[in-house]
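Engineer: Just so you know, we're using numbering that gives the first Met the number 0 here: the sequence shown kicks off at 0 and counts up by one. Each residue gets a CB set at the ideal place from its N, CA and C atoms; glycine is no exception.
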Amino acid sequence: MGWKAEADGGERYVLNVYRPGEEQGEAALRFGHLIEVWSPLDGSTWEVPIERVDALTDGGLTMSGSSGEFAAEAKWEAVKDSCGGYDVTLHLTYNGNVPKNMGLTLRADVVGPGKPDWMIPGAFYKENRFEKNLRRYPRYDYRGGDPEQMVSDYWSFRSDRAALPVVFAWNDALCGALCTEEMSELGLTGLGFRGNADGTAVWLNFPYREEPVTFVGEPVPAPADLASARFEPGQQVTLRYRVYTAAGDPHAYDPFVRRMYRLHAEAYPLRPWMDLDEAAQLTAHGLYTWHYRPEHRILYETAAFDRELNNNVKGQGDRPHMHVGWVSGAPYAHALLQYGRRQGIAEYTAAGMDVLSKIAEGLSPSGIFWASWIEGRGWNAGWNPKPDWLQARTAAEATLFMVRALAFERGQGAAHPDWEAAALSNLNFAASCQRSDGNFGSYYHAETGEVEEWDGAGGMLWIGALLEGAALFGEPRFAEAAVRAGSYYEKFIRDEYIYGAPEDVHLTPTSEDAYNAVAAYVLLYEFDRQPKWLELASSAADWMMTFRWTYNLCFPRHTLLAQYDFRSRGADQASTSNQHLHNYGLFCVPEMLRLWKHTGDRYYLDRTRDHIACFLQFIAREDGDFNAYKGMVTERYYNTNCFQPKGMMLTLSHSWCIGLILYASQEAAEYAAELGLSELIEG
Numbered sequence: 000m001g002w003k004a005e006a007d008g009g010e011r012y013v014l015n016v017y018r019p020g021e022e023q024g025e026a027a028l029r030f031g032h033l034i035e036v037w038s039p040l041d042g043s044t045w046e047v048p049i050e051r052v053d054a055l056t057d058g059g060l061t062m063s064g065s066s067g068e069f070a071a072e073a074k075w076e077a078v079k080d081s082c083g084g085y086d087v088t089l090h091l092t093y094n095g096n097v098p099k100n101m102g103l104t105l106r107a108d109v110v111g112p113g114k115p116d117w118m119i120p121g122a123f124y125k126e127n128r129f130e131k132n133l134r135r136y137p138r139y140d141y142r143g144g145d146p147e148q149m150v151s152d153y154w155s156f157r158s159d160r161a162a163l164p165v166v167f168a169w170n171d172a173l174c175g176a177l178c179t180e181e182m183s184e185l186g187l188t189g190l191g192f193r194g195n196a197d198g199t200a201v202w203l204n205f206p207y208r209e210e211p212v213t214f215v216g217e218p219v220p221a222p223a224d225l226a227s228a229r230f231e232p233g234q235q236v237t238l239r240y241r242v243y244t245a246a247g248d249p250h251a252y253d254p255f256v257r258r259m260y261r262l263h264a265e266a267y268p269l270r271p272w273m274d275l276d277e278a279a280q281l282t283a284h285g286l287y288t289w290h291y292r293p294e295h296r297i298l299y300e301t302a303a304f305d306r307e308l309n310n311n312v313k314g315q316g317d318r319p320h321m322h323v324g325w326v327s328g329a330p331y332a333h334a335l336l337q338y339g340r341r342q343g344i345a346e347y348t349a350a351g352m353d354v355l356s357k358i359a360e361g362l363s364p365s366g367i368f369w370a371s372w373i374e375g376r377g378w379n380a381g382w383n384p385k386p387d388w389l390q391a392r393t394a395a396e397a398t399l400f401m402v403r404a405l406a407f408e409r410g411q412g413a414a415h416p417d418w419e420a421a422a423l424s425n426l427n428f429a430a431s432c433q434r435s436d437g438n439f440g441s442y443y444h445a446e447t448g449e450v451e452e453w454d455g456a457g458g459m460l461w462i463g464a465l466l467e468g469a470a471l472f473g474e475p476r477f478a479e480a481a482v483r484a485g486s487y488y489e490k491f492i493r494d495e496y497i498y499g500a501p502e503d504v505h506l507t508p509t510s511e512d513a514y515n516a517v518a519a520y521v522l523l524y525e526f527d528r529q530p531k532w533l534e535l536a537s538s539a540a541d542w543m544m545t546f547r548w549t550y551n552l553c554f555p556r557h558t559l560l561a562q563y564d565f566r567s568r569g570a571d572q573a574s575t576s577n578q579h580l581h582n583y584g585l586f587c588v589p590e591m592l593r594l595w596k597h598t599g600d601r602y603y604l605d606r607t608r609d610h611i612a613c614f615l616q617f618i619a620r621e622d623g624d625f626n627a628y629k630g631m632v633t634e635r636y637y638n639t640n641c642f643q644p645k646g647m648m649l650t651l652s653h654s655w656c657i658g659l660i661l662y663a664s665q666e667a668a669e670y671a672a673e674l675g676l677s678e679l680i681e682g
């Protein structure tokens, strides 16, 4: 990575930072000043210019300058590892005579050909939302747009929305990034970008700014939130940030994310509350006690922490619904069945079988599973954009775990003809609806089975279901369909933009899309050992890690998450639309651990360990623990000002959150020594 300072008229300089291997070229991160200062009184801004630049012997540099009431010095240290880049320390002195509230912005222009793409890990990907998307949340549009519709050519966000506080920008020749930490001496930091016909820029805000509007999880935005800090005469402030450039490869973010993970792993410790065995014991109890309803033969999707309130509102704190996959259903019934068999707990075994038998009865006229069952309504299409649509991922996940349950039960000498018939009906549907290019489609008409929407990667998980179904039933046609699909869905991974998995966030990039991709491509590799599948599985895993927290959030002092010292390292952002931390990455724990074995890349082991360790917190150890009941697990930990205040936790237990811990605890048991989770538990 190279740099060059150029005179910008008079005694001022502009600093160009080039990608590795180029001392100068058509693409660069261009820094026109040391820092930009903003006044909240009148909105005015001014710059502290670069007045002097000196080279350091290690390839770094120093810069200094002053303007008005600020003087600044910056030291850029060249990073010597394979990632490259610069670690920057900026010292500021406020020389004004009176206290003032101000904000600071570190800005770089992204110079080079082509329109920009973006990534703020976990919070913003490319345009982030298609025009046709049915859910409203921040969207980038090069042409501008209406901020009240959450469409703009520029955005600034709080850093606690990001799994790693970095903003990446791409053009045709360059990937450039600015990174800082969640907190600075001036408080919570921020990240931002702009791209339009006038140019492209990325920036860091100290403290944060949210503009042009603030996304709070609702379709109607809140006003812009422009934080400032108080400066006293003579005050000195030190800010730290990192600068990274690379070629314009869409995967160029990965070396930097890996480097920051290594640094953060040393700075932000894990703190699981328990080991895998205790977690499995507690979650099996919680799933059976609070979510299984024998009168309906379902796993209730939610159960209220507050049982007294639940009784007073006639049980409405509990949700008498069950999806067949995703937020309830087959995956978790399978996990409970396995645990019951292995531990000799007959009531758990019977409950798991009961729920799976109920799901097997829920075939739609099209031949695939209905999405959900609701008390008083029976089987229905779930949370899809239209009431007669069924979503591919929900059905595929239910089928995958029905197949896994069948395989497990065969090993126990038990047969379930009704499960077999239901699984085969779904597998045959998937193979028959597949387009010639391998696409399964994302939404189907419940009555006719016609594909209603082809866009998105919602059908990707059929790959796993078909491969495991092919092995169980000895049907090569299923495996052939899975291989064709692998070639089709490859484009989503190559484009670093996988979207369409959850029912409730139509065509949105989500962490769940990454989980499905990892599972699908690891299984493809294990099927025929084609190196391409392993490469794609690894790439999908790298993209998945952009949703995974590398650091521990600083929660407000009096919040529940602060009081319990919740460590967020290893948690995942649900999606750019549903901004909260969740544990759904436990879904692909076995595939991630096998990916580590296949590649020898310890990064996958370490980050899988982090995810497991994170969610070995907040499993209720006894009645009353964090105001829950024994074995309960929440769905949402609030990391920013979206849906609820930062530091809060949703006071509902979710069957999928309990079920995934139960599932992953059993699947990870054979890797217990390598994971080393017991060594992290405090006495």
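What first and last residue would you give for the alpha helix (DSSP H) that runs through Leu-560?
Structural biologist: Run containing Leu-560: 559-562, per the alpha helix (DSSP H) assignment.
Engineer: Can you tell me whether Pro-530 is helix, strand or coil according to DSSP?
Structural biologist: Helix, per DSSP.
Engineer: Under the three-state reduction of DSSP, which class applies to His-610: helix, strand or coil?
Structural biologist: Helix.
Engineer: How big is the Cα-Cα spacing for Arg-292 and Trp-418?
Structural biologist: Roughly 20 angstroms separates the two Cα atoms.
Engineer: What's the gap between the Cα of Leu-649 and the Cα of Ile-680?
Structural biologist: Looking at the two C-alpha atoms, the distance is approximately 25 angstroms.
Engineer: Using a Cβ-Cβ cutoff of less than 7 angstroms, which residues in the same chain neighbour Trp-37 once the five nearest sequence positions on both sides are dropped?
Structural biologist: Closer than 7 angstroms at Cβ, skipping near neighbours: Thr-44, Met-101, Gly-102 and Thr-104.
Engineer: Provide the residue span of the alpha helix (DSSP H) that contains Leu-659, from first to last.
Structural biologist: Where Leu-659 is concerned, the enclosing alpha helix (DSSP H) stretches over 654-666.
Engineer: Check each candidate in Val-215, Ala-77 and Val-256 and name the one with the smallest Cα separation from Phe-642.
Structural biologist: Selected option, being the one with the closest Cα: Val-215.
Engineer: Rounding to the nearest angstrom, what Cα-Cα distance links Leu-225 and Leu-238 in this structure?
Structural biologist: C-alpha separation (whole angstroms): 19 angstroms.
Engineer: Specify the secondary structure class of Val-201 as computed by DSSP and reduced to three states.
Structural biologist: The answer is strand: DSSP assigns Val-201 an E or B state.
Engineer: Leaving out five residues on either side along the sequence, give the residues of the same chain with a beta carbon under 6 angstroms from the beta carbon of Pro-384.
Structural biologist: Leu-133 and His-505.
Engineer: Tell me whether Pro-330 sits in a helix, a strand or coil according to DSSP, three-state version.
Structural biologist: Looking at Pro-330 - three-state DSSP - the assignment turns out to be helix.
Engineer: Considering only DSSP beta bridges, list what Met-62 is partnered with.
Structural biologist: Paired residues: Val-52 and Ala-73.
Engineer: Around the C-beta of Asp-171, are 16 or more other C-beta atoms found within 10 angstroms, so that it is buried, or is it exposed?
Structural biologist: Flag for Asp-171 reads exposed.
Engineer: Just to confirm, is the Cβ distance from Leu-522 to Glu-467 under 9 angstroms?
Structural biologist: Contact: yes.
Engineer: Flag this pair as yes or no: are the beta carbons of Val-13 and Gly-31 separated by less than 9 angstroms?
Structural biologist: Yes.
Engineer: Inspect the beta-carbon positions of Phe-304 and Gly-84 and report whether they are closer than 9 angstroms.
Structural biologist: No; because the gap between Cβ atoms is not below 9 angstroms, this pair is not in contact.
Engineer: Which whole runs of the beta strand (DSSP E) in the region 89-127 are 3 residues long or more, in chain order?
Structural biologist: Counting only runs of 3 or more, we get 99-110 and 116-119.
Engineer: I'd like to check one pair, Ala-122 with Gln-411: are the Cβ atoms closer than 9 angstroms?
Structural biologist: Against a cut-off of 9 angstroms, the Cβ pair of Ala-122 and Gln-411 comes out as no contact.
Engineer: Quick check: what's the CA-CA separation for Met-401 versus Lys-357?
Structural biologist: Rounded to the nearest angstrom, the two C-alpha atoms are 12 angstroms apart.
Engineer: Apart from the five residues just before and just after Glu-590, which ones in its own chain have a Cβ nearer than 6 angstroms to its Cβ?
Structural biologist: The answer, listed in chain order, is Val-517, Ala-518 and Val-521.
Engineer: For Pro-364, which residues of its own chain have a beta-carbon under 7 angstroms away from its beta-carbon, when the five flanking residues on both sides are left out?
Structural biologist: Counting only Cβ-Cβ distances below 7 angstroms, and skipping sequence neighbours, we find Ala-445 and Glu-446.
Engineer: Relative to the C-alpha of Arg-318, which candidate in Gly-437, Ala-668, Thr-301 and Lys-74 has its C-alpha closest?
Structural biologist: Nearest option by C-alpha distance: Thr-301.
Engineer: Quick test of your reading: Tyr-136 and Met-149, contact by CB under 8 angstroms. State the CB separation rounded to the nearest angstrom.
Structural biologist: Rounded, the Cβ-Cβ distance is 6 angstroms, consistent with contact.
Engineer: Quick check: the Cα distance between Ile-657 and Ala-481, rounded to an integer number of angstroms?
Structural biologist: Each residue's alpha carbon lies about 30 angstroms from the other.
Engineer: Does the count of Cβ pairs from the region 2-12 and the region 148-163 closer than 8 angstroms reach three?
Structural biologist: Cβ pair count under 8 angstroms is below three, so no.
Engineer: Under a three-way DSSP split, which group does Ala-168 fall into?
Structural biologist: Reduced to three states, the DSSP call for Ala-168 is strand.
Engineer: Sort Asp-253, Asp-116 and Ser-567 by Cα distance to Phe-614 and report the nearest one.
Structural biologist: Checking every option, the nearest Cα to that of Phe-614 belongs to Ser-567.
Engineer: Glu-511 to Ala-168, Cα distance in whole Å?
Structural biologist: C-alpha separation (whole angstroms): 24 angstroms.
Engineer: Grouping DSSP H, G and I as helix and E and B as strand, with all else coil, what is Leu-238?
Structural biologist: In this structure, Leu-238 counts as strand in the three-state DSSP scheme.
Engineer: Taking DSSP as the reference, what is the three-state secondary structure of Gly-468?
Structural biologist: Gly-468 falls in the helix class under three-state DSSP.
Engineer: The alpha helix (DSSP H) that contains Glu-502, what's its start and end?
Structural biologist: Run containing Glu-502: none; DSSP gives neither H nor E here.
Engineer: For Ile-373, list the residues DSSP reports as bridge partners.
Structural biologist: In DSSP, Ile-373 forms a bridge with His-320 and Gly-377.
Engineer: Nearest by alpha-carbon distance to Arg-142: which of Thr-179, Gly-194 and Cys-174 is it?
Structural biologist: If we check each option's Cα against that of Arg-142, Gly-194 comes out closest.
Engineer: Decide if Glu-576 is buried, meaning its Cβ has at least 16 other Cβ atoms within 10 Å, or exposed.
Structural biologist: Looking at the sequence itself, residue 576 is Ser, so the reference to Glu does not match. That one is buried.
Engineer: Per DSSP, Arg-208 is paired with what?
Structural biologist: Paired residue(s): Leu-225.
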